[in-house]
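Residue numbers (my numbering), protein chains in the order written: chain A, 124 to 257; chain B, 40 to 179.
Structure (C-alpha cells):
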C-alpha cells in the first residue's frame with residue numbers, strides 16, 4: 124500500500140507541475156527575470172501549494188501515525204546554519220542558470236529531451252557528492 | 040506580463056499541495072523531491088521502492104498530461120551541455136547540502152512554518168533571480 128500511495132502521490136505532483144507549466148524552464152525563468160517581461164505565475168503555484176499543504180498538514184498531524192507507517196518522518200533540524208545557507212546559494216545559482224529545480228528536472232524527463240538527461244545526470248552526481256560531504 | 044497564467048498556476052499549485060498532504064497522511068513522508076531522490080543513492084532497508092515509485096509517478100503524471108492532450112506539449116530547455124551539467128551539479132550539490140529544494144523547503148517547509156525553510160527559500164529564490172539578471176541582462 125505504501126508503494127501505491129507513493130506512486131499516486133508522484134502522479135498528482137507531476138500533474139501539478141505540468142498544469143502549472145513549472146515543468147517548462149522558460150516559465151520559471153520568466154518568473155526569475157524580475158527586470159524583464161516578468162511572469163508572476165510561480166508565486167501563484169507556490170502560494171497555492173503552500174496554502175493547501177498548510178491545511179492538509181494540520182489535519183494530518185492530528186493523527187498519531189500515518190495510515191501506512193509507524194511514525195511521521197519530519198525534519199528534526201531547526202538551526203539556520205552554514206550548510207543550509209551555502210546549499211541554498213549553490214542551488215539558487217544552478218536553478219537560475221537553467222531554470223530547473225529537482226522536481227521539474229525529473230518530471231521533464233517525460234518530454235524525452237537530451238538536455239533533461241544531461242541535467243538530471245549532473246543533479247544525481249551533485250546529490251551523491253553532497254551525501255559524501257554531509 | 041503577457042505570459043501570466045494565474046488560474047492554471049493556482050490549480051497546479053493546489054495539486055502539488057494535495058500531493059504533499061497525501062504523502063504525509065498515507066506514508067508519513069515529506070514530499071521534497073531532492074530529499075526523495077537523494078535517499079535513493081544510499082538507501083536503507085525499505086527505502087528504495089516508495090522513493091523510486093514516487094519519482095516514476097512524477098514523470099508519469101507529466102506523460103499522462105501530454106497523452107491527454109494537455110496544453111503544454113513541448114518545453115524549451117536552453118543552455119549548452121557544459122551549462123546544463125554545471126547547473127545540474129549545483130542544484131544537486133546545493134539541495135543535498137541544504138537539505139532540499141523548492142518542494143521540500145518552499146512548499147512543505149513553509150507549510151510547516153519552519154524558519155529554516157523560509158530562510159532557505161528566500162536565499163535560493165534571491166540567488167536564482169540574481170543569476171538570471173546576470174545571464175540575461177549583464178552578460179546577455
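Cβ coordinates follow ideal geometry from the N, Cα and C atoms, glycine included. Keep in mind that this is a model prediction, so the values were computed, not measured.
Subject >> C-beta neighbour in chain B for residue 78 of chain A, strict 7 Å >> reply: Here chain A has residues from 124 to 257 only, and residue 78 of chain A is not among them.
**OP:** Could you say which of B:57, B:144, B:45 lies nearest to residue 176 of chain A if we only look at CA atoms?
**Re:** B:57
Original post:
residue 127 of chain A lies in the alpha helix (DSSP H); which residues open and close that run?
Top reply: 125-142
**OP:** Would you identify the three-state DSSP class for residue 147 of chain B, choosing helix, strand or coil?
**Re:** helix
**OP:** Below 8 Å on the Cβ atoms is my guess for residue 77 of chain B versus residue 135 of chain B; work out the distance and round it to an integer in Å.
**Re:** 6 Å
Original post:
From which residue to which residue does the alpha helix (DSSP H) around residue 234 of chain A run?
Top reply: That residue, residue 234 of chain A, is in no alpha helix (DSSP H); it is neither H nor E in DSSP.
Subject >> Within chain B, the residues that residue 199 of chain A reaches when beta carbons sit closer than 7 Å >> reply: In chain order: nothing, as chain B lies at least about 11 Å away.
Subject >> Range covered by the alpha helix (DSSP H) that runs through residue 61 of chain B >> reply: 45-66
**OP:** Compare the C-beta of residue 212 of chain A with all C-beta atoms of chain B and state if any pair is closer than 7 Å.
**Re:** yes
**OP:** Give the straight-line distance between the Cα atoms of residue 129 of chain A and residue 226 of chain A, rounded to the nearest whole angstrom.
**Re:** 15 Å
Original post:
Counting pairs of Cβ atoms below 8 Å between the region 144-153 of chain A and the region 212-230 of chain A, do you hit three or more?
Top reply: yes
**OP:** Kindly say whether residue 125 of chain A, judged by its beta-carbon, lies nearer than 7 Å to any beta-carbon of chain B.
**Re:** yes
**OP:** Mind reading off the beta-carbon distance from residue 239 of chain A to residue 116 of chain B? Whole number of angstroms is fine, and I expect it under 8 Å.
**Re:** 6 Å
Original post:
Are the C-beta of residue 235 of chain A and some C-beta of chain B separated by less than 7 Å?
Top reply: no
Original post:
From the beta carbon of residue 73 of chain B, is the nearest beta carbon of chain A less than 7 Å away?
Top reply: yes
Original post:
Can a CB atom of chain A be found closer than 7 Å to the CB of residue 45 of chain B?
Top reply: yes
Subject >> Inter-stretch contact (C-beta, 8 Å, three-pair minimum) for the region 244-253 of chain A and the region 178-194 of chain A >> reply: no
Original post:
Quick one: Cα of residue 55 of chain B to Cα of residue 198 of chain A, how far?
Top reply: 19 Å
**OP:** Could you tell me the boundaries of the alpha helix (DSSP H) in which residue 105 of chain B lies?
**Re:** 88-106
Original post:
Is there at least one Cβ from chain A nearer than 7 Å to residue 83 of chain B's Cβ?
Top reply: no
Subject >> residue 155 of chain B - containing alpha helix (DSSP H), residue span >> reply: 154-172
**OP:** Quick one: measure Cβ to Cβ for residue 65 of chain B and residue 191 of chain A, integer angstroms, because I've assumed they're closer than 8 Å.
**Re:** 5 Å
**OP:** Alpha carbon to alpha carbon, how far is residue 69 of chain B from residue 53 of chain B? Give it in angstroms, no decimals.
**Re:** 16 Å
Subject >> Where residue 96 of chain B meets chain A, residues with beta-carbon distance less than 9 Å >> reply: 129, 130, 131, 132, 133, 134, 135, 136, 137
**OP:** Please list, in chain order, all residues of the same chain as residue 59 of chain B whose beta carbon is under 8 Å from its beta carbon, the five residues on each side excluded.
**Re:** 69, 70, 142, 146, 147, 150
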